[in-house]
Amino acid sequence: MSKLPHIVCYGEILWDVFPDGKKLGGAPLNVALRLHSFGANTSIISALGKDALGKTTLEALKEKDFPTTYIQQSKRPTGQVTVTLDDSGSARYDIQKDAAWDHIAATPEAIEEVKKADAFVFGSLALRETYNQAQFEALVTEAKYTVFDLNLRDPHYDLDVVLSLMEIANCIKLNDEELELIVTLLDLEKESLEEELKAVAKATNTDTVCVTLGPDGAMLYHNKTIYTQVGFPTKVVDTVGAGDSFLAALIFGLISGEAPEDSLEVAAAMGSLVAGKAGANAVVTNDEIDDLLEGGY
Numbered sequence: 001m002s003k004l005p006h007i008v009c010y011g012e013i014l015w016d017v018f019p020d021g022k023k024l025g026g027a028p029l030n031v032a033l034r035l036h037s038f039g040a041n042t043s044i045i046s047a048l049g050k051d052a053l054g055k056t057t058l059e060a061l062k063e064k065d066f067p068t069t070y071i072q073q074s075k076r077p078t079g080q081v082t083v084t085l086d087d088s089g090s091a092r093y094d095i096q097k098d099a100a101w102d103h104i105a106a107t108p109e110a111i112e113e114v115k116k117a118d119a120f121v122f123g124s125l126a127l128r129e130t131y132n133q134a135q136f137e138a139l140v141t142e143a144k145y146t147v148f149d150l151n152l153r154d155p156h157y158d159l160d161v162v163l164s165l166m167e168i169a170n171c172i173k174l175n176d177e178e179l180e181l182i183v184t185l186l187d188l189e190k191e192s193l194e195e196e197l198k199a200v201a202k203a204t205n206t207d208t209v210c211v212t213l214g215p216d217g218a219m220l221y222h223n224k225t226i227y228t229q230v231g232f233p234t235k236v237v238d239t240v241g242a243g244d245s246f247l248a249a250l251i252f253g254l255i256s257g258e259a260p261e262d263s264l265e266v267a268a269a270m271g272s273l274v275a276g277k278a279g280a281n282a283v284v285t286n287d288e289i290d291d292l293l294e295g296g297y
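Just so you know, we're using UniProt numbering here: the sequence shown kicks off at 1 and counts up by one.
In structure tokens:
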């Protein structure tokens, strides 16, 4: 692809509430902001409340020069999530119910934006309620290429919905715990991780499936080939947004026509660097990525 990719993300915009303050987040927004930092033509279809936090959100996005055209205004409150971190930096989430992002309409403008995009990225959380599920159908049917990040947050998902989303996705990203859940549910347990990825791809008729393995790296099944990437050493500060940045780098590379193994390596480096910083949208420079790639494992 000669031009930078046009990628639309769909779903929640919310504030992660830590013991020491709030940080702007939500997996689809984290992916979108990271893609934006790469220079991709990126937008997000979401909703914010007509409240002070919603206004603060729009101001924060405008400061980042991120487009807000497809962010709707809702009578419901802007989303918030209480985040707690354990001693290893792993996050636990308490997610507010009936937030603005639970009510995202498939407006004609949003549908047209999805039609024009090279890829449409979504997760399971924003599809926890029937309103969004119905509206989403009008959007996803217009997409050229669909990317589904499971991003399961118990109890905010329905496995039947998750499986149906996997079946319509061109690319699926999940972590090792989510993979274990899916292979058990579908009775796809195999002798190796490689065989399980292939089995999930076959069962869902998906060409690309990627599993992240925390500090152990990631594995990608893409067009009938397995690619393996070991993890980069990092001192974890917090894991919030690391998987989102990984996904952003992976799909940016794949959609831009980069070699799958190179896309996977850069994605792993990006995820590692974000995990070593505070906040989902911490700045990561090209020099940091290059230094990590050149430094080896």
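Backbone N, C-alpha and C define an ideal beta-carbon position, used for all residues, glycine too. All figures in this text were calculated on a predicted structure; none of them were measured in a lab.
Asked: Residues near L293 in its chain [Cβ-Cβ closer than 8 Å; skip 5 each side]; Found: E265, V266, A269
Asked: Meets three-Cβ-pair contact criterion under 8 Å: the segment 196-208 and the segment 238-247; Found: no
Asked: Buried or exposed by the 16-neighbour rule on C-beta atoms within 10 Å, applied to Q73; Found: exposed
Asked: Buried versus exposed call for V211 [16 or more other C-beta atoms within 10 Å across all chains shown]; Found: buried
Asked: Y221 - DSSP class collapsed to helix/strand/coil; Found: strand
Asked: Inter-residue CB distance, E135 and A105 (contact presumed, cutoff 8 Å); Found: The sequence given here has Gln at residue 135, not Glu. About 6 Å; that satisfies the 8 Å criterion.
Asked: Own chain partners of L150 with C-beta closer than 6 Å, once the 5 adjacent residues on each side are dropped; Found: S124, L174, E178
Asked: Beta carbon of I7 nearer than 7 Å to that of A40; Found: yes
Asked: In chain order, each alpha helix (DSSP H) run of at least 4 residues that lies wholly inside the segment 87-126; Found: 108-116
Asked: Within 7 Å, strictly: CB atoms of V209 and G217; Found: no
Asked: The segment 80-92 / the segment 54-63 touching (three or more Cβ pairs under 8 Å); Found: no
Asked: Nearest-angstrom Cβ-Cβ length linking Y10 and L159, presumed shorter than 8 Å; Found: In fact, because the Cβ distance is near 20 Å, the residues do not count as touching under 8 Å.
Asked: Terminal residues of the alpha helix (DSSP H) in which S74 lies; Found: Counting along the chain, S74 falls outside any alpha helix (DSSP H), though it belongs to the beta strand (DSSP E) covering 71-74.
Asked: Neighbourhood of L250 by C-beta, 6 Å cutoff - its chain only, sequence neighbours within 5 removed; Found: S263, A267
Asked: Beta strand (DSSP E) runs wholly inside the segment 135-219, at least 3 long, in chain order; Found: 146-149, 171-175, 208-212
Asked: Selected residue, minimal CA-CA separation from G271, among G243, D102, H36, I45; Found: G243
Asked: For G79, the residue or residues it bridges with in DSSP; Found: L14
Asked: Test item: CB-CB of A110 and Y145 under 7 Å; Found: no
Asked: Nearest candidate by alpha-carbon position, reference C171, set V81, K202, R92, K190; Found: K202
Asked: T234 - DSSP class collapsed to helix/strand/coil; Found: coil
Asked: Residues bridged to Y227 [DSSP beta-bridge criterion]; Found: L220
Asked: As assigned by DSSP and simplified to three states, the class of T84; Found: strand
Asked: Contacting residues, own chain, Cβ-Cβ under 8 Å from L254 (five flanking each side not counted); Found: C171, T208, H222, P260, S263
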